[in-house]
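Peer 1: There's a structure below that I have some questions on.
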Amino acid sequence: MERLVLLTWLLACSLPRPSATQNPAPAGVLNCCEGDVLFLVDSSGSVSSYEHSRMLAFLSELLLPFSLGEDQVRVGLLQVGTEPRLEFGFDTFSSQSGLQGALRNIKPLRGDTNTVEALRMAKEGALRPGTADGARAGLPRVLVWLTDGIKPGEVLGPMARLREEGVAVLVVSTGHGNYQVLRQVVSPPVESHLYFVDIDDMSIITEDLRDAVIEIIRAERMHVRDVSTNSATLQWRPVLSGLTGYYEIRFAPVLTGGTGSGGTGTSPSTGGSHYQRITQSADASTARLTGLKADTTYTATLTPESNDQAFNTLSVTFTTNPEVLSPSVVTISESGQSSVRVSWGPLQPEAVTSYYIEYSALPRGRLHAVTVGRTHNSTLLRDLQPDTTYLVTVSARHASGKEKAMSVKVCTQEVTPALADLQLTAVGSDSVQVDWKGSVAGGVRGYWLTWEGQRSSEPGQRSSLYLPPDSLSTRLTHVPPSARVCVSPIYRMARGEGLCCTAQFHSNALAYGYQS
C-alpha cells in the first residue's frame, strides 16, 4: 500500500507544470472571442489526486491562448464535491498569469459527486441570465463539464434548463460516463461537444475542444456607430492582431430588391461594380465611411485577409440619417404683453446664409419682418399688441439655394389690471384695514394711498402714503368719519387711474366702497 501511494506521488510530481513559456499562444486565437466560459470540474472522492491534476493541466493548456478580460473572454471554475465550491468567478482574472497560477493551486474537494447542487449554483450565479450588462449583454455563455462519469446524479433536468436559457453545454468524460445520458446533456452538435478520453490522453482533444468553444464565442460581430447624414464608423474585434494581413472593407447602397445581412457572408449589394473599397491594417479595429448619401440604406462587408489563417466575412446593414434642413423646430419663450422670443434649430452656420423672420397679427394684421445672421438661433420680437394671436414664420436661406420655412402661432399675454377689488374693513372707531389686488405686470412701481374727510366740519383734511409694489394692504389710523380712501398705481412716468372707497365706522360691520 505504501509503495502504491509513493508511486502515485512520484507520478504527480513528475508532471510538467503548465506555463506560458511552454505553450506559446496561437496568434490567431488572440482577440478572437467574447463570452463567458464556466468549467464544472469533478473533484469528488471518485476522482484521484492524479486524475484531478491531469484535468487542471488540461484546462491550463486549453485556456492559455485566449485573451482574458471584460471585453474578451471571462473564465470561471466551479468544483463538484459534497459541497460544491466556486473557485473563481468571471471577474477574477484578466490576465493569463493570474489564471494559470490559480489552476496550479486548486485542491480537490472530495466527498460525494453533488453535480445537481453545483448546477444549481451555476444557474443561479455565474450563468444566470442578466448577470452580464452593458457591453457584455447578449454575449454567449458556455458550460464545460469535466467528469469521470461515476454517479453524476439527476443532471438531465438541470442541464436542459441551462440550455433553454441559452447556455451552450460541452462535456469531457474521462471514465465510465453513460453515453446515452451525456449525449442528451450536451448542446448540438454532439460530435463536437461530447468527448470521451482517457485521463492520460486528454491532450489529444485540446485543440478540438478549443475550436468547439471558439466556434461558440467567436466575436464575429461588426458594429456601426456615429451614423450621420453622410458618414458612419464601423467597429470590429481585431482578429488579425499578431498575424500578417489586412482588412478589406466594401460598402454600397442596398440595391432595389436586394437584401442586406446582419450575419456572415457577402451581401449582394457589395458584390457588383458600384461599391466603394477601403483597406485597414491588421491592428485596426475601426474604419470611418464617408461620402454617404442621406437617408440611404447601406451594406458594408469586412473581410480579414491573411495567409496565416482563414476568417469569415462579416457584414452589417445600416441607414444614414435623413438630411435635416434648418429650421426643423421653432419654439416660443419669454412671452409677454408686448414681446415674445422666437427660437429655432438646428443651428447650421456652415449651410445657412441668413434667417428671415416674418410676423403679423391674425387675421389680417400688418406684416413685419426681421433678418438675422446665420449664427443666430433666436430673436426677440417687440412692440406687439397685448392679448393678440400672431403668426410667426422663420425662413432659412441655405447656401445651396434651398429655402425652408416653418410657422408657429403665438399669443401675447393679456393686460392684467394693476389694481382691483379695493376693500375697506373698519377696525375700531377710527382705523381702517385697506386691502386690494394688484399686479406688477405693466411696470407698476408702487401704490399711492390718499384719504380725506368728507364732512363739512373737517374740510381739507387730506393725507397720503406711498407703498412698494409688493404691498397689497395697509392699516390706516386716525381716519376721519366717512373718509374717502383712494389707491392708485404708480408707473415710471405717471400715476395711473385708481380706485376709491368711503370708510363707514359701524360696530362689527364691514364697509364696502365704490369706484369713483
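Each residue of the sequence shown is one higher than the one before, counting from 19 in the numbering used here.
Glycine is no exception: its CB is placed at the ideal position from the N, C-alpha and C atoms.
1. Within 10 Å of its beta-carbon, does residue 438 have 16 or more other beta-carbons around it, so buried, or fewer, so exposed?
2. From the DSSP output, which residues share a beta bridge with residue 187?
3. Measure how close the beta-carbons of residue 308 and residue 249 come, nearest whole angstrom, since I'm counting them as under 8 angstroms.
4. For residue 76, which three-state DSSP category applies?
5. Below 8 angstroms on the Cβ atoms is my contact criterion, and I expect residue 145 with residue 173 to pass it. Report the Cβ-Cβ distance as a whole number of Å.
6. Compare the beta carbon distance of residue 240 and residue 93 with 8 angstroms and say whether it is the shorter of the two.
7. Taking the C-alpha atoms as reference points, what is the distance between residue 480 and residue 495?
8. Within the continuous beta strand (DSSP E) that includes residue 507, where are the two ends?
9. Measure the alpha-carbon distance for residue 429 versus residue 487 and round it to whole angstroms.
10. For residue 482, report the span of its beta strand (DSSP E) as first-last.
11. Go ahead and pull the three-state DSSP assignment for residue 261.
12. If I measure Cβ to Cβ from residue 397 and keep anything under 7 angstroms in the same chain, skipping five residues before and after, which residues do I get?
13. Can you tell which of 395, 339, 257, 383 has the C-alpha that lies nearest to the C-alpha of residue 327?
14. If you check the beta carbons only, do residue 367 and residue 422 fall under 8 angstroms apart?
15. Alpha carbon to alpha carbon, what distance is there between residue 435 and residue 469?
16. Using DSSP with H/G/I as helix, E/B as strand and the rest coil, what is residue 424?
17. Let me confirm a value: residue 371 is counted as buried when at least 16 other C-beta atoms fall within 10 Å, else exposed. Which label applies?
18. Rounded to the nearest angstrom, how far is the Cβ of residue 201 from that of residue 212, given a contact under 8 angstroms?
19. Is residue 224 helix, strand or coil when you go by DSSP?
20. Just how far apart, CA to CA, sit residue 161 and residue 294?
21. Just to check my reading of the structure: residue 111 and residue 117 have Cβ atoms closer than 8 angstroms, yes? What is that Cβ distance to the nearest angstrom?
22. From residue 254 to residue 210, what does the alpha carbon distance come to, in whole angstroms?
23. Quick one, are the C-beta atoms of residue 331 and residue 338 less than 8 angstroms apart?
24. So residue 141 is in the alpha helix (DSSP H); what residue range does that whole segment cover?
25. Out of curiosity, what's the CA-to-CA distance linking residue 163 and residue 58?
26. Just to confirm the assignment, what range does the alpha helix (DSSP H) spanning residue 178 have?
27. Indicate the three-state DSSP secondary structure (helix, strand or coil) for residue 71 in the structure shown.
28. Count the other C-beta atoms from every protein chain shown that fall within 10 angstroms of the C-beta of residue 196, then say buried if there are 16 or more, exposed otherwise.
29. Checking 8 angstroms against the spacing of the C-beta atoms, do residue 453 and residue 490 come in under that value?
30. Going by beta-carbon coordinates alone, are residue 158 and residue 67 separated by less than 8 angstroms?
31. In terms of residue numbering, what span does the beta strand (DSSP E) encompassing residue 493 cover?
32. Work out the CA separation of residue 232 and residue 69 for me, nearest whole Å.
33. Considering Cα atoms alone, identify which of 61, 83, 122, 363 is closest to residue 102.
34. Can you give me the Cβ contacts of residue 312 inside the same chain, cut-off strictly under 7 angstroms, excluding the 5 residues immediately before and after it?
35. Does the separation of the CB atoms of residue 178 and residue 234 fall below 8 angstroms?
Peer 2: Well, looking at it:
1. Counting C-beta atoms within 10 angstroms of its own C-beta, residue 438 has fewer than 16 neighbours from the protein chains shown and is therefore classed as exposed.
2. 161
3. With a beta-carbon spacing of about 5 angstroms, residue 308 and residue 249 fall inside the 8 angstroms limit used to define contacts.
4. helix
5. For residue 145 against residue 173, the beta-carbon gap comes to about 15 angstroms, at or over 8 angstroms, which does not count as contact.
6. No, they are not a contact pair.
7. 13 angstroms
8. 502-508
9. 27 angstroms
10. Looking at the DSSP string, the run of the beta strand (DSSP E) that includes residue 482 is 480-485.
11. Assigned with DSSP and collapsed to three states, residue 261 falls in coil, not helix or strand.
12. So the list reads 360, 375, 388, 390, once near-sequence residues are dropped.
13. 257
14. no
15. 22 angstroms
16. Three-state DSSP puts residue 424 in a strand.
17. That one is exposed.
18. 6 angstroms
19. Residue state, collapsed to three classes: helix.
20. 42 angstroms
21. 4 angstroms
22. Between residue 254 and residue 210, the C-alpha separation is close to 27 angstroms.
23. No, they are not a contact pair.
24. Note, residue 141: alpha helix (DSSP H), 133-142.
25. 5 angstroms
26. The continuous alpha helix (DSSP H) containing residue 178 extends over residues 174-182.
27. helix
28. exposed
29. yes
30. no
31. 491-494
32. 26 angstroms
33. Comparing C-alpha distances from residue 102 to each of 61, 83, 122, 363 shows the shortest one belongs to 61.
34. 247, 248, 338, 339, 340, 341
35. no
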